[in-house]
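Protein chains: 8
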Amino acid sequence: MTTLDILQAVAAGQLTPTAASAQLEASQTADLGFANVDLSRQQRNGVPEVVYGAGKTATQIVGIIQAMPKQTTPILTTRLSAEKFAALQPALPQAVYHAAARCMTVGTLPTPATDDYIAVVTAGTSDQPVAEEAAITAQAFGNHVERVYDVGVAGIHRLFAKLDVIRGAKVVIVIAGMEGALASVVGGLIDKPLIAVPTSVGYGTNFQGMTALLTMLNSCASGITVVNIDNGFGAAYSASMINQL
Amino acid sequence: MTTLDILQAVAAGQLTPTAASAQLEASQTADLGFANVDLSRQQRNGVPEVVYGAGKTATQIVGIIQAMPKQTTPILTTRLSAEKFAALQPALPQAVYHAAARCMTVGTLPTPATDDYIAVVTAGTSDQPVAEEAAITAQAFGNHVERVYDVGVAGIHRLFAKLDVIRGAKVVIVIAGMEGALASVVGGLIDKPLIAVPTSVGYGTNFQGMTALLTMLNSCASGITVVNIDNGFGAAYSASMINQL
Amino acid sequence: MTTLDILQAVAAGQLTPTAASAQLEASQTADLGFANVDLSRQQRNGVPEVVYGAGKTATQIVGIIQAMPKQTTPILTTRLSAEKFAALQPALPQAVYHAAARCMTVGTLPTPATDDYIAVVTAGTSDQPVAEEAAITAQAFGNHVERVYDVGVAGIHRLFAKLDVIRGAKVVIVIAGMEGALASVVGGLIDKPLIAVPTSVGYGTNFQGMTALLTMLNSCASGITVVNIDNGFGAAYSASMINQL
Amino acid sequence: MTTLDILQAVAAGQLTPTAASAQLEASQTADLGFANVDLSRQQRNGVPEVVYGAGKTATQIVGIIQAMPKQTTPILTTRLSAEKFAALQPALPQAVYHAAARCMTVGTLPTPATDDYIAVVTAGTSDQPVAEEAAITAQAFGNHVERVYDVGVAGIHRLFAKLDVIRGAKVVIVIAGMEGALASVVGGLIDKPLIAVPTSVGYGTNFQGMTALLTMLNSCASGITVVNIDNGFGAAYSASMINQL
Amino acid sequence: MTTLDILQAVAAGQLTPTAASAQLEASQTADLGFANVDLSRQQRNGVPEVVYGAGKTATQIVGIIQAMPKQTTPILTTRLSAEKFAALQPALPQAVYHAAARCMTVGTLPTPATDDYIAVVTAGTSDQPVAEEAAITAQAFGNHVERVYDVGVAGIHRLFAKLDVIRGAKVVIVIAGMEGALASVVGGLIDKPLIAVPTSVGYGTNFQGMTALLTMLNSCASGITVVNIDNGFGAAYSASMINQL
Amino acid sequence: MTTLDILQAVAAGQLTPTAASAQLEASQTADLGFANVDLSRQQRNGVPEVVYGAGKTATQIVGIIQAMPKQTTPILTTRLSAEKFAALQPALPQAVYHAAARCMTVGTLPTPATDDYIAVVTAGTSDQPVAEEAAITAQAFGNHVERVYDVGVAGIHRLFAKLDVIRGAKVVIVIAGMEGALASVVGGLIDKPLIAVPTSVGYGTNFQGMTALLTMLNSCASGITVVNIDNGFGAAYSASMINQL
Amino acid sequence: MTTLDILQAVAAGQLTPTAASAQLEASQTADLGFANVDLSRQQRNGVPEVVYGAGKTATQIVGIIQAMPKQTTPILTTRLSAEKFAALQPALPQAVYHAAARCMTVGTLPTPATDDYIAVVTAGTSDQPVAEEAAITAQAFGNHVERVYDVGVAGIHRLFAKLDVIRGAKVVIVIAGMEGALASVVGGLIDKPLIAVPTSVGYGTNFQGMTALLTMLNSCASGITVVNIDNGFGAAYSASMINQL
Amino acid sequence: MTTLDILQAVAAGQLTPTAASAQLEASQTADLGFANVDLSRQQRNGVPEVVYGAGKTATQIVGIIQAMPKQTTPILTTRLSAEKFAALQPALPQAVYHAAARCMTVGTLPTPATDDYIAVVTAGTSDQPVAEEAAITAQAFGNHVERVYDVGVAGIHRLFAKLDVIRGAKVVIVIAGMEGALASVVGGLIDKPLIAVPTSVGYGTNFQGMTALLTMLNSCASGITVVNIDNGFGAAYSASMINQL
């Protein structure tokens, strides 16, 4: 029963305002004590709730996943360490762990409906965990993904060699640490939306990714929007919305 | 003659590599001494070069605009003060000044090809200049725009009253200063891409927009990407790319 | 013997200034070498001294608690790890450990004198330790507390479902990490004092709670005051003063 | 007609949900184009909307004030320069300007209902504008105010000489720039809620008030909550809520 | 008489240690009261003292220039406004003002001894003042300079069209504001030392050049060293040392 | 009548506690409304109150000076612009303005009691205003001062030429902007206390003196203590205390 | 043989400049490969070199101590962990470890020559390690020390009870973490030099001592100079210089 | 086959543009999945790719080294822990580990072609790891290196004793932590390019090397360029380019 249904029942005199309020609460959240699971997210946001694994115990994660409503796409858990996965696997035998991405999916990865794809581009080898988090998220949401890894500007011919794949995407995610210049260079060469993800790869004045973030926010190339440091999930979430328009 | 044409002429032996290099330069840039105008941007990025008016003289702006190739959309100049516009108007009598947006267009604003629209949403009255920069940019690129102004979370019923307009957009730009919480609230209520623009409205620990920027980068709602402080142009540029997919 | 008593004894010629000074010192502090326990705090501040457990050894904590004067409310120790509690429990067999709050109380929790209550509201599951520190502190000081957990703005209907409980409080504590937007939204919906507590929950540009702090200091909603990051104790201390006015 | 009235009319079948939504909007906001005035704030927050004068033109301020509903307390405008007041005075002949506070009131200052008072305490002469903003705000909201100015810790006997006035208040506002130590000292001597306001008075590493803010957030004395730098209005708003409990 | 001469005179018994000390002072500094001109800099550093014009009066600048010893290269003054130049020109009729560089030279620019050259490369039009400061400094020190302006990465073909000039230099200065990515891209394409100069061109999170500085310090390309923001002079000083090895 | 006198009168029964409290207040402060002048500072701190001229009107400064008790040293006002001095001179005809120091003295500069002196050492010409503030302050407090200006480490022989004067001081003040390295070098060469004053001279990453401050706080040489940026007065205040031990 | 002796030998023709240079090096440093021990420090600075134990191995510390010249005061090593002391004790059987101070002395602590003393004052129990480092350093340099611990402003009567001891010192060291307000309060009550040491005690916006540092640099009380965070050694070094004037 | 060869083959009609593009990719990168090794770096930059060991597994490092083309200089791996070296040694038996530098070389260190040398100068013992990284890098690239260690300004005679070695270099690397003043002092005494490396040695307000970095960027001495904190490799890379000009 959606919010609109409830409000129409009120209008029809079938429900008092007080009862409607209680019902709204009951139908849209599952209160587990330690969490208040949002049951109407897919209806509201088009995507079901995703479990952020960091800072939750294995038991809590299992509890939340079991409280979630049926959904057409797999249930995704991000920022999940291998240790925590090992601990919760007995309770969720159907779960699949994506080690490079530190993610878990429960349910089959869907087949993309179209050939439109998201390109996930990285500057260096160390950016791979963030890139895989983005790629698995996008796949879990039903997107086709093309990975273009380790094409940073120190050897710019590596980027040009892969430019066709990048230019063919409907939306491009560029992931880079250190100085993050790759986002500007790619941004100047394509005509599609570009979501830039700074990573915490670097040392000294890199300030755990702050330098790459600032680079991306101040890019001289247009058409670049930015997410938080290491937030591969968030970039893929937005990219999926765009790719499925 | 595109880059590909030139390279194929090289392959056909009609052009030496050295001549090809010179031709590439000649066909794609206009060197004005003070500026090296990029003539291939529309081909590369799908959008012609936009003139950033801050830090250029009226004479320089006129020179750049006169050097630009014919284009189907109006030539847009951003961050242009009323004083500078008055100085360059005699040389560009067909130019139109959009005072609230601090922008100038040369050429007729195009009629949008579809009903798809970009919603431009602000938290408060003081965010209007940034919002208008975004709206005029989007219109100059051929988009339909819906303005939803002054619906910040201090009076959240104002937002709910306009929720249908916001939810109907293909992509939403949320513009807010102070603590920037509006982006998170809207992000939790829609199923479309959201581009957040922090503004420099505020005082004290607002740090000229840094607080709103940080809020938007750390939003608990997903699907939000962010641009630089006060960068209405950049948000509209990305939103236009998305709206026209 | 209060400070006033001592000064009046001086005026009465019963005490020399030098003797008065010594007596002031003796009656108001207990010098343990490693600590100079403040014996007049309840008289001065209305609340007895609270032991901050971080950075003190189990032995030091026992020593301070044993040096404290009789008091009507339980002796509260905050920021106490489970390990340290285990170490000092033999010396303080009557102590009770509140694990979720990382607090210890010695003495029975008092029954609140009135029905007035403090609402403790959190944005997410990870904010719980700070919330429990606030709740136990408030209860130790004799307040009635209502907990409203995990109602962050990403699923704002969860907040509206609990709005009656929040609006019924005499003072509200809002606890949030990440971007901390919940404080602004609640602040716009109530007519009671709101104390906001930023938590260090988040990553990247969250900067260990700095982003949530800045959000709360710059809220567009009025009536919000703020305490240090993760300072659940401090928020409850002020809230208790207000609730008991 | 309140929100509840509207919802009950829906339940009674006197109003369709769509009509209810429109009515909610119409009854609670006044859309001036440049502003979306919040008409239900007094009902929601207990205090009518206050006009923030900075960044609004004289014409806009007059427009907003004329659109506001009748209210029992004077309409308050803060951060209003003398120049702007001179410009709008002809349109609002009944307005009174409080120069030291940079505030304007329209309507008579109310007589406080009780003898409970708010103490406004400053460290130095330069903190006076912020203190007056706080004092006038509190008076406009119907509170009795006691001013205790220039009692900073460099000459701590000045503070002790006024301690009785401070200790007699129901809530204390401490305003200080430079290193802001006054808040900690007062906090250690009273048993009432203390709201600390850092000011931008200072130079060099004061960082426009950041040092005083950090001092107040990290106070070793308990019971202190903090507002944004120079935010005398915000402190008074919260203090008024507390004083009128 | 050099320092070595003086010390040898001491060894020869021709000078007492005390007299030597006085002589060292007399021969190597000119004390003007407001300044203590360093007369041995060319001997020590290979380059005579350069006058930093900011924060000195026209009279002080004239005084210092007149106190300087004869030198083979022109006397260079940097950071000199047009107004200040106009004020001191009567006293130094032979002085030449380089407006775009905000520099003044007294004495003829020398003819470079070799064809080795320094390439001065900029990302955008607004970086020109810093670039000209670098170029005039390098020329005043006797170097051949090639200017390559406005070849930022948003239109990277502009850079490739000028790559031969850049690769032909003995040392390259790259000057960029905003995100400063040009330094990384050039650094990946050349085999000569690269000195990067961040400029204060940009807005918002550019932080007056801090972003470009951080980008350059964290470049994924090797062989890049960096100077202070807007320090065209310093870059040219080091580049000249390298070019003349 | 000192505080001790008053307390002894209480002990003698000649004064009630209440009367004593009032008398303490009356004898030790002069309440001017805009300021609460501290009359017991010389008794408490050994030095009478000094007027900080910034942010006070000419009228306020005159009022405070006229309210101050007789004192053996001149009344010192710091941070006083030439304009403000011109405005208050008619009311204080005996006042002397020290332009380079931006200070005013009322009363004759005292003759130092001993030959012990404070050396005031600067790195560059632009540090002079801070140095003069320090020198005049020290002289107003009765100290002998030796000025050693413009001996920064870029021409370190200038420092060595003046080392005897510096080593002969009882306490040394080192004043430097830019990178502030002079403090470390002097600190490694002397056996007396060194007070370092960072100045706001510099640009770019100097951050208005922050770089020099950090340098001084982290000096590899021991025996260096530091004051706020540009705080020549504070350094001289401490140096005077030390010089007069 | 001092530097002066060597230079006079040159003047006397007994030494060539080259030989003098070699001799200067030989007589003033002991090159251990891993360290270049400074043998002339006592002659230059009045205090022999002190070993900074952090980041050196036990073997390195033993080597440096054995290379140091005879001295009248004990050899002091700071920042030495108990583990490292245990490792080096066999090689230095006469060494004494001061656990609370994390310092080691080799040689008997000297008897102070006078009754003049340094007061070491702390705000809280957690500041003790820094305080003990200061106290042991001062004692090792031959000073009498009075410890006044745990008298922070939250219970200001504790400070007043010890004021006589503090006021009797020739120089006062105030050590505080959290907001560091104790320095300002003590500074307003004494007439002797005060050296303030911020400590890294605190959490959240304390920023590892940055807040206390800023407080101390911006104190409204005069006569306060500051050292680096947790730098008890540095404060004692300066205080010793002052105490022994 | 170089890029030029390929392009000439295109011009000669021996290669289609598409085939040329594929060949460019194949000849210039080796795609290992986890890395995209840059095979044309020596041709482009004059120096073959160097392996950055941090954040790569032993297996990945071995894989990359085995994929690299033959080169005349040894293959250098930096930031390699002793543990990781032990793990990969069996697979690379010819590898040599330089423990103090945390570097590995595969292949014989070349004999320098000339007597020109790079001086590597440090302020203190703790700067040695960064210095050794610089020295081994320079040697691996075929340079003669002179080490001058532990000559910081606290004992400046140590520096003067080694000045001849420093002045004799063709390029000087100065490495310093804490306040980094050594760079300025050396810069004022030489006439060769100076590359400054800040190190993370220090505590408190050193901010992990930020203070030394700022010092070096703001040096009052000219001719200093700077690299990232602890970046000994980068300094040596640039110095090698300069030394081999």
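Residue numbers (our numbering), protein chains in the order written: chain A, 137 to 381; chain E, 137 to 381; chain D, 137 to 381; chain V, 137 to 381; chain B, 137 to 381; chain H, 137 to 381; chain G, 137 to 381; chain L, 137 to 381. Where is the CB? At the ideal position from N, CA and C, for every residue including glycine.
Residue interval of the beta strand (DSSP E) (run including residue i)
i: Tyr-339 (chain L); result: Here Tyr-339 (chain L) belongs to no beta strand (DSSP E), and DSSP marks it neither H nor E.
i: Leu-212 (chain V); result: 211-214
i: Tyr-233 (chain L); result: 231-234
i: Ala-387 (chain G); result: Residue 387 (chain G) is absent from the structure shown; chain G starts at 137 and stops at 381.
Whole-angstrom distance between residue j and residue i, CA atom to CA atom
i: Ala-375 (chain E); j: Ala-274 (chain E); result: 8 angstroms
i: Leu-325 (chain E); j: Arg-303 (chain A); result: 32 angstroms
i: Leu-350 (chain L); j: Met-352 (chain B); result: 14 angstroms
i: Gly-370 (chain G); j: Val-362 (chain G); result: 10 angstroms
i: Ile-311 (chain G); j: Pro-329 (chain G); result: 14 angstroms
i: Arg-215 (chain L); j: Asn-367 (chain L); result: 10 angstroms
i: Val-284 (chain L); j: Glu-268 (chain L); result: 11 angstroms
i: Gly-340 (chain G); j: Ile-378 (chain H); result: 37 angstroms
i: Ala-343 (chain H); j: Phe-343 (chain L); result: Checking the displayed sequence, the identity of residue 343 (chain H) turns out to be Phe instead of Ala. Spanning the two alpha carbons is a distance of roughly 15 angstroms.
i: Leu-228 (chain A); j: Val-198 (chain A); result: 7 angstroms
Proximity winner among the options, relative to residue i (alpha-carbon distances)
i: Ile-211 (chain V); options: V:Leu-295, V:Met-240, V:Gly-345 and V:His-234; result: V:Met-240
i: Gly-288 (chain G); options: D:Asn-172, D:Gln-150 and D:Thr-209; result: D:Asn-172
i: Gln-225 (chain H); options: H:Leu-245, H:Thr-193, H:Ala-255 and H:Thr-208; result: H:Thr-193
i: Asn-181 (chain D); options: V:Gly-323, V:Thr-347 and V:Ile-272; result: V:Gly-323
i: Ala-223 (chain E); options: E:Ala-270, E:Leu-175, E:Gly-189 and E:Tyr-373; result: E:Gly-189
Residue span of the alpha helix (DSSP H) that contains residue i, given as start and end
i: Val-198 (chain E); result: 194-203
Margin query: Using a Cβ distance threshold of 8 angstroms, determine whether the stretch 351-365 of chain V contacts the stretch 254-262 of chain V, with at least three qualifying pairs required.
Written below: no
Notebook entry, point to check: Name the residues in the stretch 176-188 of chain L whose C-beta lies less than 7 angstroms from a C-beta of chain B; which are they?
Noted result: Arg-180, Asn-181 and Gly-182
Next item on the list: For the stretch 347-380 of chain H, enumerate the residues whose C-beta is nearer than 8 angstroms to any C-beta of chain V, in chain order.
Entry: Leu-349, Asn-364, Ile-365, Asp-366 and Asn-367
Margin query: Across the stretch 330-349 of chain A and the stretch 284-303 of chain A, are there enough close Cβ pairs to call them in contact, namely three or more that are closer than 8 angstroms?
Written below: no
Check: Closer than 9 angstroms, Cβ to any Cβ of chain A: which residues of the stretch 314-341 of chain B, in chain order?
Finding: Met-314, Glu-315, Gly-316, Ala-317, Leu-318, Ala-319, Ser-320, Val-321, Gly-323, Gly-324, Leu-325, Gly-338, Tyr-339, Gly-340 and Thr-341
Item checked: Interfacial residues, the stretch 284-313 of chain G to chain V, with Cβ spacing under 8 angstroms -> Gly-288, Val-289, Ala-290, Gly-291 and Ile-292
Margin query: Beta carbons nearer than 9 angstroms to chain A: which residues of the stretch 248-264 of chain B have them?
Written below: Ala-259 and Gly-260
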